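S.K.: My questions will all concern the structure given below.
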Amino acid sequence: MMNIHNLSISFQGEYLFEDITFKLGNGDRVGLIGKNGAGKSTMLKILSKEMEPDTGQIAADKELKIGFLKQDIDFVLGRTVLEEAYEAFTEIKGLEARIHDINTQLAERTDYESDGYHQLMVDINELQHQYEILGGYNYQGDTEKILQGLGFQREDFNKLTDTFSGGWRMRIELAKLLLQNNDILLLDEPTNHLDIESIIWLEGFLKNYAGAVAIVSHDKMFLDNVTNRTIEISLGRIYDYPKPYSKYLVLREELRTQQLASQKNQQKQIEHTEKLIEKFRAKASKATMAQSLIKKLDKIDRIEVDEDDNSVMTLNFPVSITPGKIIVEAEKISKNYGHNQVLKNIDLLVERDSKIAFVGQNGQGKSTLAKIIVGELKHEGHLKLGHNVQIGYFAQNQAEYLNGNKTVLDTMIDAANEKNRSKVRDILGSFLFRGDEAGKYVRVLSGGERNRLALAKLMLQPFNVLVMDEPTNHLDIKSKNVLKEALKRFEGTLILVSHDRDFLQGLTKTVFEFKDHKIKEYLGDIDYYLEQRKVDSLREVEKRTVVKETPKEKKQQSYEDQKKLKSLNNRLSNIEAEISQLEKDIKAIDLSLEINYEEVTSKPNFFDSYQQKKAQLKDAMQKWEDVQLEIELYSN
């Protein structure tokens, strides 16, 4: 499908990666991993042909369709959600316009026997046939299914995209890509703005995707659930294994252990040979043997051990001054966005040195309350900050808080005061912005680098209360661990909004669950909260809808419904088997095409048979989705 050969790219004289070679084929679901700034997003830009490499080649079919979901999206204002989603169907929309134009002419003209009128009839028949082949009669229904899968309600469809946050706009862009039937999907941090239900839906979609997928993500569970291959970019090289993330880590460590052992044994042999050479050199009778050993030593292929990039940021959050005992006192806080009520009559008391987690589904008001506490949102009700309270705020969407036209250094200098301006370069260095890195413009930084810059900027202000909204978005796994350890050491008051159970473990002592415009307090850590909710993970909490079926209602399911459900599950199994076989057949054909294109294509009716298998796969995928929806209806 796509061959990448000897790819290299450099910035400011230093290679980001050099002479990288790999292939992407049908069914590949690749997790592209590495530390922030390693070149993951750059790699996706090169694969999408948005950026040219310095050297190397990318060989792909001319008709190959590539969909690219970027971290930063530019939207045309004034379109509704549906109108924006329909932009995925440019060819179909073009045909609609032409069909409408011809229908208008046919309605207005009366020269029914003329050649011109006859030609219009021929044209509209051809256009309608082409419209049907492209899925013109199905695209609106498909669009609604995808949008609902990504969390939109029907009442959202006709709202302007201008009224939605960046995260929801990203979902619309993702919907467009999923609707385009691309051969390759390139997804840069697709889960950052999705709630749990949408992530689970996306996982299901990608697992059954027939083309190739390359995903940049730091979400371990998402990578393990979706990918079947991992490519790590580290220190300019790649490590490519046919395993999902967690299994890759085990294999990578095993390989390094083997390399170290082999290197150690080889080094012993080399040292032994060198001693013999020194010994024989001293004797004229052994000089020939010494030369032979030297030649042998020169020919040894030295075993190298894969390097690990262990550079991490240095992070500590010092407390400015000791505040009063009460940090935040809130009474009857309510917040509406138009007709949408998010919070209603919330009471909250935060005492000094509290460590609090805000959890719950997206849209339940976690970020809203955080913004109200830091003074960013108007609201109803009364909120009072305590004596000497100084708040440091880490926002979820850092791109909206940083000026892309400033350099990293200028961003820091502008945020500094006379006392700490001299420390700016030292702070940047501790956050891995060293030397020329400080001269980079913010707009070219990766999402993880922007988060690091936002954390560095936070160091320039005094605070004793830290409010952090999804701080781990975009951060690589090592950076997440550094941040977690720094927060453990923080001696002030902490409020964390997060979906990440691993990150929250050991950090907070109180959990507030947001649900149905209200908050509920749990006096314990995240594990205590999950134990009280009788679930194993935050995913299970967040994927549950507000309206729940009681055990009694489940028992009342009729015999006919149970019988129908069993039949549907059998159908689903058969369809899944059919999909699996078709994918294997198509993959085998693709492989034979790569090996001997002319011989394979010379067979009678080859292309008809090939296209028929692809059509069967598409049809089977649609059947699978329809049956799955029917099962959900009967299950509920």
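The sequence shown stops at residue 637 when you use this note's numbering, and every number in between is there. Heads up, the beta-carbon is just placed ideally off N, CA and C, and yes, glycines get one too. Quick caveat: nothing in here was measured; it's all calculated off a predicted structure.
1. Are the segment 212–222 and the segment 22–36 touching, with three or more C-beta to C-beta distances below 8 Å?
2. Who are the near neighbours of residue 469 in its chain, counting only those whose CB is closer than 6 Å to its CB and skipping five residues on each side?
3. Within the continuous alpha helix (DSSP H) that includes residue 417, where are the two ends?
4. Taking the C-alpha atoms as reference points, what is the distance between residue 344 and residue 169?
5. When we look at the beta-carbon of residue 362 and count the other beta-carbons within 10 Å, is it buried (16 or more) or exposed?
6. Could you check if residue 271 is buried or exposed, using at least 16 other CB atoms within 10 Å of its CB as the buried criterion?
7. For a test of the three-state rule: what should DSSP assign to residue 230, helix, strand or coil?
8. Quick one: give me the first and last residue of the alpha helix (DSSP H) that residue 450 is part of.
9. Helix, strand or coil: how does DSSP classify residue 470 here?
10. If the criterion is Cβ atoms closer than 8 Å, does the pair residue 3 and residue 65 meet it?
11. Residue 461 and residue 421: beta carbons closer than 8 Å?
12. Hey, residue 583 and residue 237: beta-carbon distance below 8 Å or not?
13. Would you mind reading off the limits of the alpha helix (DSSP H) that contains residue 99?
14. Identify whether residue 342 lies in helix, strand or coil by the three-state DSSP scheme.
15. Please list the segments of the alpha helix (DSSP H) lying wholly inside the segment 153–216, counting only runs of 4 or more residues, in order along the chain.
16. Which residues bound the beta strand (DSSP E) around residue 513?
17. Alpha carbons only, please: which of 132, 162 and 173 is nearest the one belonging to residue 150?
18. State the Cα-Cα distance for the pair residue 651 and residue 67, rounded to the nearest angstrom.
19. Between which two residues does the alpha helix (DSSP H) harbouring residue 126 extend?
20. Can you tell me where the beta strand (DSSP E) with residue 238 in it begins and where it stops?
21. State the DSSP-derived secondary structure class of residue 495, mapped to helix, strand or coil.
22. Say whether the segment 380–392 touches the segment 403–413, bearing in mind that this needs 3 or more beta-carbon pairs closer than 8 Å, one atom from each stretch.
23. Indicate whether residue 82 and residue 158 have their beta-carbon atoms separated by less than 8 Å.
24. Tell me the rounded alpha-carbon separation between residue 299 and residue 262.
25. Buried or exposed: which applies to residue 52, given that a residue is buried once 16 or more other Cβ atoms fall within 10 Å of its Cβ?
26. Please state whether the Cβ-Cβ distance between residue 183 and residue 212 is less than 8 Å.
27. May I ask you to report which of helix, strand or coil DSSP gives residue 9?
28. Counting along the chain, where does the beta strand (DSSP E) carrying residue 143 start and finish?
29. So, at 8 Å on beta carbons, what are the nonlocal neighbours of residue 185 in its own chain, with the 5 sequence-adjacent residues on each side left out?
30. For residue 489, tell me which candidate among 364, 318 and 528 has the shortest Cα-Cα distance.
31. My assumption, with CB atoms under 8 Å, is that residue 590 sits in contact with residue 621. Please give the rounded CB distance.
32. Roughly how many angstroms separate the alpha carbons of residue 360 and residue 222, rounded to a whole number?
33. DSSP three-state label for residue 487, please.
34. Assign residue 315 to one of three DSSP states: helix, strand, or coil.
35. Are the CB atoms of residue 436 and residue 408 within a distance shorter than 8 Å?
36. Would residue 546 be called buried (16 or more neighbouring beta carbons within 10 Å of its own) or exposed?
M.R.: So, from the data block:
1. yes
2. 395 and 497
3. First-last for residue 417: undefined, no H or E at that position.
4. 19 Å
5. buried
6. That one is exposed.
7. strand
8. 448–459
9. strand
10. yes
11. yes
12. no
13. 91–109
14. strand
15. 167–180 and 197–208
16. In the DSSP annotation of this structure, the continuous segment of the beta strand (DSSP E) that includes residue 513 starts and ends at 511–516.
17. It is 173 whose Cα lies nearest to the Cα of residue 150.
18. This structure cannot settle anything about residue 651, because the visible part of the chain is limited to 2 through 637.
19. 116–134
20. 238–242
21. In the three-state reduction of the DSSP assignment, residue 495 falls in the strand class.
22. no
23. yes
24. Rounded to the nearest angstrom, the gap between the Cα atoms of residue 299 and residue 262 is 21 Å.
25. exposed
26. yes
27. strand
28. It is not in any beta strand (DSSP E) - residue 143 instead sits in the alpha helix (DSSP H) that spans 140–150.
29. 2, 3, 25, 48, 65, 66, 67, 68, 212, 213, 214 and 215
30. 318
31. Contact doesn't hold; Cβ gap of about 16 Å is too wide.
32. 18 Å
33. helix
34. coil
35. No, the Cβ-Cβ distance between residue 408 and residue 436 is not below 8 Å.
36. For residue 546, the predicted structure reports a pLDDT of 47, less than 50, and the residue's modelled location is therefore unreliable. A value from the coordinates is still provided. Exposed is the call here.
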